[in-house]
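Asker: Mind having a look at this structure? Questions to follow.
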Amino acid sequence: MPVLYDFARAPSPRRARILLAEKGIAHETRIVDLASQEQLSDAYRAINPACTVPALALEDGTVLPDNAAIAAWAEAAQPEPALMGRDPLEKAEVASWNARIEGECFMAIAEAMRNSAPAMAGRALPGPNDYAQIPELARRGRDRLDHFLERFERHMTGRDWVATHHFSLADITAAVALDFARVLRVDAYDAAHPATAAWRARLAQRPAFSL
42 MPVLYDFARA
52 PSPRRARILL
62 AEKGIAHETR
72 IVDLASQEQL
82 SDAYRAINPA
92 CTVPALALED
102 GTVLPDNAAI
112 AAWAEAAQPE
122 PALMGRDPLE
132 KAEVASWNAR
142 IEGECFMAIA
152 EAMRNSAPAM
162 AGRALPGPND
172 YAQIPELARR
182 GRDRLDHFLE
192 RFERHMTGRD
202 WVATHHFSLA
212 DITAAVALDF
222 ARVLRVDAYD
232 AAHPATAAWR
242 ARLAQRPAFS
252 L
């Protein structure tokens, strides 16, 4: 059975938890305590030299070191339900929206949080190396998030799902990112974003989103 290296309070492994649950892929879970920087330990570096979670260790010993690898493997190993598109155009739409959300939303939040939080001093980027905080990136990240929220609300107006006419990986990525915006005291589902709030309410009916 695959083993998911996880940390409950972090958004990135939550993406993997939801994906595996939606796919119905059984797995074991091992917690990597990011709060105590266990990801930087020699033991975990031997598993994932990138020093990040999630990582998924397969039964043959292969380790998938990030969400991109985990999603690609899960879609191939368990084709139904299809979460990365059902035909060439849908696959392109899901890939495009997933990348856009990662770059314009997830990274904006991470920039703002990691470059301003006292607990992240000297750890402005995840991974094996230490980097100093840059306050200007924190301010830019918050501006980028505000702009993304405006664009996303317009996009979701009149739509049920982010990328196609059915639930997909892009919905997982967007929901986890926007839920994570709370670390910046941003409510992505307030009265100013009714279409986004309605979409998130639909996702809340899916058991995987309680994970």
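In this text, residue positions in the sequence shown follow the working numbering: the first is 42, and each later residue adds one. Glycine included, C-beta positions come from ideal geometry on N, C-alpha and C. Just so it is clear, the structure is predicted and the values come from calculations on it, not from any experiment.
Write down the C-beta distance between T266 and N139 rounded to the nearest angstrom, noting that I regard them as a contact closer than 8 Å.
Answerer: This structure gives no information on residue 266, because the portion of the chain shown stretches from 42 to 252.
Asker: Among A57, F208 and A179, which residue has its Cα nearest to the Cα of H30?
Answerer: Outside the displayed range of the chain (42 to 252) lies residue 30, so it cannot be described from this structure.
Asker: Compute the distance between the beta-carbons of T205 and E131, then report whether it is under 7 Å.
Answerer: Against a cut-off of 7 Å, the Cβ pair of E131 and T205 comes out as a contact.
Asker: Can you list, in chain order, the residues of its chain whose CB lies under 6 Å from that of M161, leaving out five sequence neighbours each side?
Answerer: Here the set comprises R155.
Asker: Answer yes if the segment 207 to 224 comes into contact with the segment 111 to 131, meaning at least three C-beta pairs across the two stretches below 8 Å, and no otherwise.
Answerer: The answer is yes - the segment 207 to 224 touches the segment 111 to 131, with three or more Cβ pairs under 8 Å.
Asker: Using only CA atoms, which one of E63, C92 and R200 lies nearest to Q80?
Answerer: Looking at the Cα atoms, C92 is the closest of the given residues.
Asker: Go to E69, then tell me how far its beta strand (DSSP E) extends in each direction, as first and last residue.
Answerer: Per DSSP, E69 belongs to the beta strand (DSSP E) from E69 to I72.
Asker: Taking the Cβ atom as the reference point for each residue, do L45 and A112 lie within a distance shorter than 7 Å?
Answerer: Not a contact, by the Cβ cut-off of 7 Å.
Asker: Just to confirm the assignment, what range does the alpha helix (DSSP H) spanning A149 have?
Answerer: Its alpha helix (DSSP H) spans residues M148 to R155.
Asker: If I follow the unbroken alpha helix (DSSP H) through L219, where does it start and stop?
Answerer: L210 to F221 is the extent of the alpha helix (DSSP H) around L219.
Asker: Name the two residues that bound the continuous beta strand (DSSP E) containing A245.
Answerer: Careful: A245 lies outside any beta strand (DSSP E), inside the alpha helix (DSSP H) at P235 to A245.
Asker: State buried or exposed for S157, treating a residue as buried only when at least 16 other CB atoms are found within 10 Å of its CB.
Answerer: The residue is buried, with at least 16 neighbouring Cβ atoms inside 10 Å.
Asker: Assign A91 to one of three DSSP states: helix, strand, or coil.
Answerer: Three-state DSSP puts A91 in coil, outside helix and strand.
Asker: With a threshold of 6 Å on Cβ separation, who are the neighbours of V217 within its own chain once the five nearest residues in sequence on each side are excluded?
Answerer: For V217, where only same-chain residues beyond five positions count, the Cβ hits under 6 Å are P52, R55 and R56.
Asker: Check whether the segment 187 to 202 touches the segment 219 to 238, counting contact only when three or more Cβ pairs, one atom from each stretch, lie closer than 8 Å.
Answerer: Yes: the two stretches touch, three or more of their Cβ pairs being nearer than 8 Å.
Asker: Distance check for A115 and K64, CA to CA, integer angstroms please.
Answerer: Taking the straight line from one Cα to the other gives about 7 Å.
Asker: Less than 7 Å between C-beta atoms, sequence neighbours within five positions excluded: which residues of the same chain meet that for R183?
Answerer: So the list reads A153 and L225, once near-sequence residues are dropped.
Asker: What are the boundary residues of the beta strand (DSSP E) that D47 is part of?
Answerer: Taken as a continuous stretch (DSSP letters only), the beta strand (DSSP E) holding D47 covers V44 to D47.
Asker: Along the chain, where does the beta strand (DSSP E) containing L97 start, and where does it finish?
Answerer: Per DSSP, L97 belongs to the beta strand (DSSP E) from A96 to A98.
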